[in-house]
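Peer 1: So the protein lines, in turn, are chains X and A.
Each residue of the first sequence is one higher than the one before, starting from 1 at the first, in this note's numbering.
Each residue of the second sequence is one higher than the one before, starting from 1001 at the first, in this note's numbering.
Beta carbons are placed, not taken as given, at the ideal position from N, Cα and C, and that holds for glycine.
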Amino acid sequence: MKKLVSTVLCVTMLAGLMSGCGSTGSKSGADSKSADAKGSETIEFWTISLQPTYTKFFNGLIADYEKENPGIKIKWVDLPYDSIQEKLVTAIAGGTSPDVVNLNTSMALTLAGKDSLTDLNKASTSAQKNVYIDSLWKSTEIGNSAYAFPWYASPDIMFYNKDLFQKAGITTVPTTYEEANALAKQTKTATGAYLYTPPEYFNMLFENGVPILSDDKKSATFNTDAAATLLTSYKTYTKADVLPSANWGKWDNELKLFETGQLAIVSSSGSSLSRIKDEAPDIYKNIGVAKPLTGSLGLSRNALMNLVVPSKSKHQKAAVNFAAWITNDANQLAFCKQVAIFPSTKEASKDSYFTSDTTTLEGQARAMSVQVSMTSSDYSLGVEGQNEIEADVNKAYEAAIVGDTDAKKALDDAKDLAQKDIK
Amino acid sequence: MKIKGIRTVKGRQTLRAYLFMAPALILVFLFVILPIIGSLPLMFFDYSVIGKTSFIGLENFKNAFADKEFRVAMFNSILFVVVVPIIQILSIILALLVNRKMYGMTLFRTLFYIPVVTSMVAVSIIWGFLFDPSGWINTICIKLGIIQKPLGFLNDAKTAMLCIMFITIWQGIGYYMMLYLAGLQSVPKELEEASYVDGATGLQSLIKIKLPMLKPYIWFCSLNSIISALGVFDVVYVLTQGGPNDATNVINYYSYVKAFKDFQFGYAAAISGVQAAMTLVLSILVFVYGRKGGGMTYND
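#1: When DSSP labels each residue in this structure, what does X:P310 get in the three-state scheme?
#2: Could you tell me which residues DSSP puts in a beta bridge with A:T1240?
#3: Taking only the alpha-carbon atoms, compute the straight-line gap between X:S373 and X:R301 and give it to the nearest angstrom.
#4: Excluding five sequence neighbours on each side, which residues of the same chain lie with their C-beta closer than 6 Å to the C-beta of A:Y1175?
#5: Can you name, in chain order, every residue of its own chain whose Cβ lies under 6 Å from the Cβ of X:A168, other than the five neighbours on each side?
#6: What residue does the alpha helix (DSSP H) around A:I1218 start on, and which one ends it?
#7: If the cut is a Cβ gap below 7 Å, which residues of chain X does A:V1049 touch?
#8: What's the call for X:E384, buried or exposed, on a 16-neighbour Cβ count within 10 Å?
#9: Any idea if A:G1172 is buried or exposed, counting beta-carbon neighbours within 10 angstroms, 16 or more meaning buried?
#10: Between which two residues does the alpha helix (DSSP H) containing A:M1178 stretch?
#11: For a test of the three-state rule: what should DSSP assign to X:M305, helix, strand or coil?
#12: With a CB to CB cut of under 6 Å and the five nearest residues on each side skipped, what residues in its chain are close to A:G1152?
#13: Does the beta-carbon distance from X:I170 to X:M368 come in below 8 Å?
#14: Consult DSSP for X:I341 and reduce its assignment to one of helix, strand or coil.
#15: Return helix, strand or coil for X:L9, following the three-state DSSP convention.
#16: Look at the Cβ atom of A:I1114, then the Cβ atom of A:Y1180, and state whether they are nearer than 8 Å.
#17: When the Cα of X:A146 is compared with those of X:F335, X:N306, X:E362, which residue comes out closest?
#18: Relative to the alpha-carbon of X:I43, which residue among X:A63, X:I62, X:K73, X:K56 has its alpha-carbon at the smallest distance?
#19: Locate the beta strand (DSSP E) running through A:M1120, then write down its first and last residues.
#20: What residues from chain A crowd round X:A399, counting only those whose CB sits closer than 9 Å?
#21: For the beta strand (DSSP E) containing A:M1278, name the first residue and the last one.
#22: Specify, as a first and last residue, the run of the beta strand (DSSP E) that X:I43 falls within.
#23: For X:K346, name the three-state secondary structure that DSSP assigns.
#24: Check whether the stretch 130-139 of chain X and the stretch 272-285 of chain X touch, using three or more Cβ-Cβ pairs below 8 Å as the test.
#25: Whole angstroms are fine: how far does the CA of X:T224 sit from the CA of X:D406?
#26: Between A:V1121 and A:D1234, how many whole angstroms is the CB-CB distance? I'm expecting something under 8 Å.
#27: Taking three-plus beta-carbon pairs below 8 Å as touching, is the stretch 98-113 of chain X in contact with the stretch 124-133 of chain X?
#28: For A:F1260, return the contacting residues in chain X, with the cut-off set at a CB-CB distance below 7 Å.
#29: In chain order, what residues of the stretch 1121-1141 of chain A put their CB closer than 8 Å to some CB of chain X?
#30: Check each residue of the stretch 95-115 of chain X: if its Cβ is closer than 9 Å to any Cβ of chain A, include it; give the result in chain order.
#31: I need the straight-line Cα distance from X:A303 to X:T359, nearest angstrom please.
#32: Which complete alpha helix (DSSP H) runs does the stretch 56-114 of chain X hold, if anything under 4 residues is left out?
#33: Anyone know if the C-beta pair for A:S1054 and A:F1045 falls short of 8 Å?
#34: Exposed or buried, what is X:A182 when buried is set at 16 or more other beta-carbons lying within 10 Å of its beta-carbon?
#35: With a threshold of 8 Å on Cβ separation, who are the neighbours of A:L1309 within its own chain once the five nearest residues in sequence on each side are excluded?
#36: Would A:G1242 count as contacting chain X if we go by Cβ distances under 8 Å?
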């Protein structure tokens, strides 16, 4: 009996060990990359968190592409946001680079700076390039090179809790941070909830026209008096506990507070509505949609997802063509009909679909996204070390607001850190 | 490798032992030893995996000591070693408590050990919920009138590190308790009984007999604990990501950020090298001091 039990335990342990040896990405489409048959190419296509919600849609697109391009097979791998950059670097270093990869602008710029991405200004045709909104195409430009096909955009819009607004006596939805700050105290007093969570300090500076870098992009310049005044004013609000001091710009945390009635306004893209509907149906019923809060420039954020072609891809031409196809007008429009996101192409963004439905909340979110996309931007510095510089700028917030350091000192320290990260 | 006396019973038992250890040893060699050896030359290079690689000598080390964030991380890591005496003292107390023949004692031993075998990631996530401003700890404290409004334990630079330490102690205490329990059970009963016959109290017996007999265990556990404390990572990664305001930034996490977020693998290897040196120095101190431990100190 003891031998039997030990044997079973050993086998179970071995099985557990072996199961850990598989890959962590979800796969779909053609399963074998290595066995490229004569005359056929397999393109490995990586996306961020699109499975299982959009599996059917993308499998349909892939099937259409394979039908139109005999000899091309697409192997689709979906990965979580947190791990895609690491896995991509590992794959490139290991000689198994994927061919088309979905990255956000920051990640794309980091890899572009390491010469790991194909320059699409050279590799793509004018017909392929000219479909995109100019400002979005420029998001991943470094010098004269552009490193990504813009894909879907998620312009921030405001969702507000009508109930909390009513209890707080707010009759006009604020449009700027200044207006919101004036209402923050009465909201906290009347409802116990915060009115809004301030955005990441990096975004705040962008939205208020404080230059992060000099024109030649060789110096950090954000430690200005204007930046210090802005930070000091927010310090007053957080010390008085009328605005939260923690987790600025942490979307997950904001959404959680909004869904539990502890936050009256959340800035997010329209795609968040399905999550709120699932997780907090009572809050969903009371949502109002409005333009997002803006700073002095009237600018709001439009987070962009892109498709890049690693320079180590073994199927460059086919990869560029596939990436351009996935992000063309028709396919972006079709994707936008699956979820409340916004296209990055000129024609698709003019489609009447985005303004046709103003009765449902999702329809209102789409219509609002169209409006705000005209005055929104992906906050790109156009430099390789964007990620690090953003983190350094945000350290000024942590030091001043969380750590209670003097705002000017916090900014000067952050500037020194950022200066080291400018490549 | 020739195993002496393989034809003997002992030889065959030894061979069998090595065969059983072989899979684990192979994995340790491939995934621990080889990467450590591989990272040694990286310390002297500007290496980003995907960009250009160039030899830069000691530049990474110079940059590290000039890097304010690294100095903060080093300080936090050294500060974190404070958990070591706390864990050891609490573990000894727990071991003394569970070292009794009482109904239900096995249940207590099991309950204390369960956190040890639970994934630190899962433990961190759960404690993250508990420490949340809307979590149980705040809710209970407000209901009891201890605080008036919720506190952001993990968002406050003053309390975040304390929370990380608490979670580490909470998870580690069961492991060392079991080791000390084994130590206590190896103390000859006759010694204890003889001390009682001589009129020693329970406390005197503890101080003069049990603790001295536990010295080798204390030495081993402290050494082990120091190495773990300096290498803390999971709980910081899951809960605070080194914040707020670098309050919980530790060397291991900083090295990870430099490698996998900033692609500065050479610099990260150099930071890890400094961490290894720190661990070695502290370990040598404990080792030298602890070598004198063990043996009987109770005098007739």
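Peer 2: From the atom records:
#1: One-based indexing of the first sequence puts residue 310 of chain X at position 310. Here X:P310 sits in strand by DSSP.
#2: Locating residue 1240 of chain A in the second sequence gives position 240, counting from the first residue. DSSP lists no partner for A:T1240.
#3: Here residue 373 of chain X refers to the residue found at position 373 when the first sequence is read from its first residue. Here residue 301 of chain X refers to the residue found at position 301 when the first sequence is read from its first residue. Rounded to the nearest angstrom, the two C-alpha atoms are 9 Å apart.
#4: Taking the second sequence and counting its residues from 1, the one referred to as residue 1175 of chain A is at position 175. Only V1116 meet the Cβ criterion.
#5: Residue numbering aside, residue 168 of chain X sits at position 168 when the first sequence is read from its first letter. Excluding residues within five positions, the ones whose Cβ falls inside 6 Å are Q186, T187, A190, T191.
#6: Residue numbering aside, residue 1218 of chain A sits at position 218 when the second sequence is read from its first letter. 1211-1230 is the extent of the alpha helix (DSSP H) around A:I1218.
#7: Along the second sequence, read from residue 1 onward, the residue named residue 1049 of chain A stands at position 49. Chain X residues near A:V1049: V89, A93.
#8: Here residue 384 of chain X refers to the residue found at position 384 of the first sequence. Under this definition X:E384 is a buried residue.
#9: As a working mapping, residue 1172 of chain A is identified with position 172 in the second sequence. When all chains shown are included, A:G1172 counts as buried.
#10: Along the second sequence, read from residue 1 onward, the residue named residue 1178 of chain A stands at position 178. First-last of the alpha helix (DSSP H) with A:M1178: 1157-1185.
#11: Position 305 of the first sequence, counted from the first residue, corresponds to residue 305 of chain X. The answer is strand: DSSP assigns X:M305 an E or B state.
#12: Taking the second sequence and counting its residues from 1, one reaches residue 1152 of chain A at position 152. Excluding residues within five positions, the ones whose Cβ falls inside 6 Å are P1133.
#13: Walking along the first sequence from the start, residue 170 of chain X turns up at place 170. Walking along the first sequence from the start, residue 368 of chain X turns up at place 368. No, the pair does not count as a contact, with Cβ atoms beyond the cut-off.
#14: The sequence position of residue 341 of chain X within the first sequence is 341, counting from 1. Coil.
#15: On the first sequence, position 9 is the one that residue 9 of chain X refers to. Note: X:L9 maps to helix in three-state DSSP.
#16: Position 114 of the second sequence holds residue 1114 of chain A. Position 180 of the second sequence holds residue 1180 of chain A. Not closer than 8 Å, so no.
#17: Your numbering for residue 146 of chain X matches position 146 in the first sequence. Per the Cα distances, X:N306.
#18: As a position in the first sequence, residue 43 of chain X is number 43, starting the count at 1. Minimum Cα distance to X:I43 is reached at X:K73.
#19: Taking the first residue of the second sequence as position 1, residue 1120 of chain A is located at position 120. Segment 1120-1131 is the alpha helix (DSSP H) holding A:M1120; no beta strand (DSSP E) there.
#20: As a first step, residue 399 of chain X is located in the first sequence; it is residue number 399 there, counting from the start. Simply N1245, D1246.
#21: Residue mapping note: residue 1278 of chain A aligns to position 278 of the second sequence, counting from 1. It is not in any beta strand (DSSP E) - A:M1278 instead sits in the alpha helix (DSSP H) that spans 1265-1290.
#22: Here residue 43 of chain X corresponds to residue number 43 of the first sequence, with the count starting at 1. First-last of the beta strand (DSSP E) with X:I43: 41-48.
#23: Working through the first sequence from its first residue, we reach residue 346 of chain X at position 346. X:K346: helix per DSSP, three-state reduction.
#24: no
#25: Numbered from its first residue, the first sequence carries residue 406 of chain X at position 406. Numbered from its first residue, the first sequence carries residue 224 of chain X at position 224. So the two alpha carbons sit approximately 14 Å from each other.
#26: Locating residue 1121 of chain A in the second sequence gives position 121, where the first residue counts as 1. Locating residue 1234 of chain A in the second sequence gives position 234, where the first residue counts as 1. With a Cβ gap of about 6 Å, A:V1121 and A:D1234 count as contacting.
#27: no
#28: The count along the second sequence starts at 1 and reaches residue 1260 of chain A at position 260. Within 7 Å Cβ-Cβ: E86.
#29: S1134
#30: T110, L111, G113, K114, D115
#31: Here residue 303 of chain X is taken as the residue at index 303 of the first sequence, counted from 1. Here residue 359 of chain X is taken as the residue at index 359 of the first sequence, counted from 1. The straight-line gap from Cα to Cα measures roughly 26 Å.
#32: 81-93, 105-113
#33: Here the question's residue 1054 of chain A lines up with position 54 in the second sequence. Here the question's residue 1045 of chain A lines up with position 45 in the second sequence. Cβ atoms of A:S1054 and A:F1045: closer than 8 Å.
#34: By 1-based counting over the first sequence, the position of residue 182 of chain X is 182. Exposed, by the Cβ-count rule.
#35: For chain A, the structure presents residues 1001 to 1300; residue 1309 of chain A sits outside this window and is missing.
#36: For the purposes of this step, residue 1242 of chain A is taken as the residue at position 242 of the second sequence. A:G1242 does not count as touching chain X.
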